[in-house]
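Engineer:
Residue numbers (this note's numbering): 614 to 978.
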């Protein structure tokens, strides 16, 4: 079977979709030698590589052209049997499609998106889901929402979950990581969070909890935030300015792939107070790095972290504060969370994701 894959997201701003596509197909290509894969996009050295891989360049950078008339002739010319897209498929295709929809938060939590994004996605994502031969998503939470909102059959939606690269994120050599982080970023004994700076990620609640720590003289290190500012970030920066936290909060807008594992590994704890996720990769990366995790009790997060992290009410900064203190002052709890986290992270391997992907496609072919 000739499988086409839209990989234009590899050059996009959405790190989660990029991480998913890259790691999934890197793993799939280790085993899927009976299929031929055609990656459609704008050439990048990041593209997955294999002896059974071909690359097809889109001539235009225009999303409208790609979704209306550019893709279909390319699929036909390359005799593609099945085309795999992310969220939105071309309006017309000469073959069946599989669409990966990580979440439908624009439907359930529209306040965290621009009006343009909500209107566009409500029309195009739903249309793509209805027309697709098969829908892939990353969690039971997202699957349930897709079935409920788009009225598609349960057996049409397959869970192909996210994973964590255990060759990259591990608990080994923590002392070396701490030395690297201190040298590169000038921080130690810090609290870490990773994610775009936007209201949905709920960084402001974390800032409020951190300020309580500071006011009660319980903060031993800085708060390190890895993420770029995105839609609705002004409240975040205003809070830092108005509450005198500029010297306490370290914002790293861009961290390369080599340093991110060190930042995880050297952290005292990881906090992810998000309001809504279709999955949530960062808590699993933190667990794989041997770091205690505090995370939100909403949407897909409880499903993903199980009993291996402490779940908090993301609307209550005092709850976040209390759990930070609890972990800080209880070494037994720290060790228990680290142990359970390492075991939990092993459930979310890219090998398991690739196996779920292969099983799903076998139902089509």
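Note that CB positions come from ideal geometry on N, CA and C, so glycine has one too.
Could you pull out every unbroken alpha helix (DSSP H) segment of at least 4 residues lying fully inside the segment 842-907, listed in chain order?
Structural biologist: Here the runs fully enclosed are 847-855, 873-878, 894-901.
Engineer: Measure the CB-CB distance between residue 888 and residue 899 and report whether it falls below 9 Å.
Structural biologist: Position 275 of the chain shown holds residue 888. Position 286 of the chain shown holds residue 899. It is not a contact, given that the beta carbons lie outside the stated cut-off.
Engineer: For the segment 897-970, which segments carrying the alpha helix (DSSP H) assignment without a break, of at least 4 residues, lie completely within its bounds, in sequence order?
Structural biologist: If we require 4 residues or more, the alpha helix (DSSP H) runs fully inside the segment 897-970 come out as 914-918, 930-941, 944-958.
Engineer: Going by CA-CA distance only, name the one from 916, 933, 892 that's closest to residue 907.
Structural biologist: Mapped onto the chain shown, residue 907 falls at position 294. Nearest C-alpha to residue 907: 933.
Engineer: List the residues that DSSP assigns as beta-bridge partners of residue 567.
Structural biologist: Examination of residue 567 is not possible in this model, given that the chain is present from 614 through 978 alone.
Engineer: DSSP puts residue 617 in a beta bridge; with which residues?
Structural biologist: Here residue 617 refers to the residue found at position 4 when the chain shown is read from its first residue. BP columns for residue 617 point to 651, 696.
Engineer: Does DSSP put residue 710 in a helix, in a strand, or in coil?
Structural biologist: Taking the first residue of the chain shown as position 1, residue 710 is located at position 97. Three-state result, residue 710: strand.
Engineer: Look at the Cβ atom of residue 891, then the Cβ atom of residue 751, and state whether they are nearer than 9 Å.
Structural biologist: Here residue 891 is taken as the residue at index 278 of the chain shown, counted from 1. Here residue 751 is taken as the residue at index 138 of the chain shown, counted from 1. Yes; because the gap between Cβ atoms is below 9 Å, this pair is in contact.
Engineer: Looking at the structure shown, is residue 974 part of a helix, part of a strand, or coil, going by DSSP?
Structural biologist: Sequence index remark: in the chain shown, residue 974 carries index 361 (1-based). Note: residue 974 maps to helix in three-state DSSP.
Engineer: Which residue's Cα is closest to the Cα of residue 940: 974, 826, 630, 755?
Structural biologist: Sequence index remark: in the chain shown, residue 940 carries index 327 (1-based). The option with the nearest alpha carbon to residue 940 is 826.
Engineer: Are at least three pairs of beta-carbons, each pair with one atom in the segment 873-883 and one in the segment 774-794, less than 8 Å apart?
Structural biologist: Yes, since at least three Cβ pairs between the segment 873-883 and the segment 774-794 fall closer than 8 Å, the two stretches touch.
Engineer: Looking at the strands, I want to know which residues DSSP matches up with residue 747.
Structural biologist: Within the chain shown, residue 747 is the residue found at index 134, counting from 1. In the DSSP output, where bridge partners are listed per residue, residue 747 has 711.
Engineer: Between residue 635 and residue 945, what straight-line distance do the alpha-carbon atoms span, to the nearest angstrom?
Structural biologist: Here the question's residue 635 lines up with position 22 in the chain shown. Here the question's residue 945 lines up with position 332 in the chain shown. Using only the alpha carbons, I get a separation of about 37 Å.
Engineer: Reducing DSSP to helix, strand and coil, say where residue 676 ends up.
Structural biologist: As a working note, residue 676 is residue 63 in the chain shown. Here residue 676 sits in helix by DSSP.
Engineer: Just to check, is the beta-carbon of residue 637 closer than 8 Å to a non-hydrogen atom of the ligand PLP?
Structural biologist: The model depicted lacks the ligand PLP and carries no ligand whatsoever.
Engineer: Tell me which residues share the same chain as residue 631 and place their Cβ nearer than 6 Å to its Cβ, disregarding the 5 neighbours each side in the sequence.
Structural biologist: Mapped onto the chain shown, residue 631 falls at position 18. Contacts found: 622, 623.
Engineer: Tell me, please, whether the segment 712-720 touches the segment 667-683 by the rule of three or more beta-carbon pairs shorter than 8 Å.
Structural biologist: Touching, no.
Engineer: Can you give the beta carbon distance from residue 866 to residue 841, rounded, assuming they're within the 8 Å contact cut?
Structural biologist: Within the chain shown, numbered from 1, the residue matching residue 866 stands at position 253. Within the chain shown, numbered from 1, the residue matching residue 841 stands at position 228. Yes, residue 866 and residue 841 are in contact; Cβ-Cβ is about 5 Å, under 8 Å.
Engineer: Is the separation between the beta-carbon of residue 639 and that of residue 667 shorter than 9 Å?
Structural biologist: Counting from 1 along the chain shown, the entry for residue 639 is found at position 26. Counting from 1 along the chain shown, the entry for residue 667 is found at position 54. No, the pair does not count as a contact, with Cβ atoms beyond the cut-off.
Engineer: Pick helix, strand or coil for residue 622, following the three-state DSSP scheme.
Structural biologist: For this step, residue 622 is matched to residue 9 along the chain shown. In the structure shown, residue 622 sits in a helix (DSSP, three-state: H, G or I).
Engineer: Sorted by chain position, which residues of the same chain lie with C-beta nearer than 8 Å to residue 706's C-beta, five sequence neighbours on each side aside?
Structural biologist: Indexing the chain shown from 1 puts residue 706 at position 93. Contacts found: 684, 685, 688, 696.
Engineer: Pick helix, strand or coil for residue 759, following the three-state DSSP scheme.
Structural biologist: For this step, residue 759 is matched to residue 146 along the chain shown. Helix, per DSSP.
Engineer: Do you know offhand how far residue 774's Cα is from residue 614's?
Structural biologist: Here residue 774 refers to the residue found at position 161 when the chain shown is read from its first residue. Here residue 614 refers to the residue found at position 1 when the chain shown is read from its first residue. For residue 774 and residue 614, the distance between alpha carbons rounds to 23 Å.
Engineer: Around the C-beta of residue 776, are 16 or more other C-beta atoms found within 10 angstroms, so that it is buried, or is it exposed?
Structural biologist: Taking the chain shown and counting its residues from 1, one reaches residue 776 at position 163. The residue in question, residue 776, is buried, as its Cβ has 16 or more Cβ neighbours within 10 Å.
Engineer: Between the alpha carbons of residue 975 and residue 743, how many angstroms are there, rounded?
Structural biologist: Start at 1 with the first residue of the chain shown, and residue 975 comes out as number 362. Start at 1 with the first residue of the chain shown, and residue 743 comes out as number 130. Approximately 20 Å between the Cα atoms of the pair.
Engineer: My understanding is that residue 844 touches residue 811, with C-beta atoms under 8 Å, so please give their C-beta distance in whole angstroms.
Structural biologist: Against the chain shown, residue 844 aligns to sequence position 231. Against the chain shown, residue 811 aligns to sequence position 198. Between residue 811 and residue 844 the Cβ distance is about 5 Å, and since that is below 8 Å, they are a contact.
Engineer: Out of 967, 905, 656, which one is the CA nearest neighbour of residue 805?
Structural biologist: Here residue 805 is taken as the residue at index 192 of the chain shown, counted from 1. Of the listed residues, the one whose Cα sits closest to residue 805 is 905.
Engineer: Once DSSP output is grouped into helix, strand and coil, what is the label at residue 807?
Structural biologist: Indexing the chain shown from 1 puts residue 807 at position 194. DSSP places residue 807 in strand when its eight states are reduced to three.
Engineer: Could you give the residue range of the beta strand (DSSP E) that holds residue 772?
Structural biologist: As a working mapping, residue 772 is identified with position 159 in the chain shown. Element bounds for residue 772: 770-772.
Engineer: Give the DSSP-derived three-state secondary structure of residue 800 in the structure shown.
Structural biologist: Start at 1 with the first residue of the chain shown, and residue 800 comes out as number 187. If DSSP states are grouped into helix, strand and coil, residue 800 belongs with coil.
Engineer: With DSSP collapsed to three states, give me the class of residue 588.
Structural biologist: A query on residue 588 cannot be resolved here, the shown segment of the chain reaching from 614 to 978 and no further.
Engineer: Comparing C-alpha positions only, which one of 857, 737, 731, 721 sits nearest to residue 699?
Structural biologist: The count along the chain shown starts at 1 and reaches residue 699 at position 86. Looking at the Cα atoms, 737 is the closest of the given residues.
Engineer: Which residue wins for smallest C-alpha separation from residue 921, given the options 896, 663, 786?
Structural biologist: Here residue 921 refers to the residue found at position 308 when the chain shown is read from its first residue. If we check each option's Cα against that of residue 921, 896 comes out closest.
Engineer: For residue 637 and residue 704, what's the separation of their Cα atoms in angstroms?
Structural biologist: Numbered from 1 along the chain shown, position 24 holds the residue referred to as residue 637. Numbered from 1 along the chain shown, position 91 holds the residue referred to as residue 704. Whole-angstrom Cα-Cα distance: 25 Å.
Engineer: Using the three-state DSSP reduction, which class does residue 837 fall into: helix, strand or coil?
Structural biologist: Your numbering for residue 837 matches position 224 in the chain shown. Strand.
Engineer: Under a three-way DSSP split, which group does residue 717 fall into?
Structural biologist: Sequence index remark: in the chain shown, residue 717 carries index 104 (1-based). Coil.
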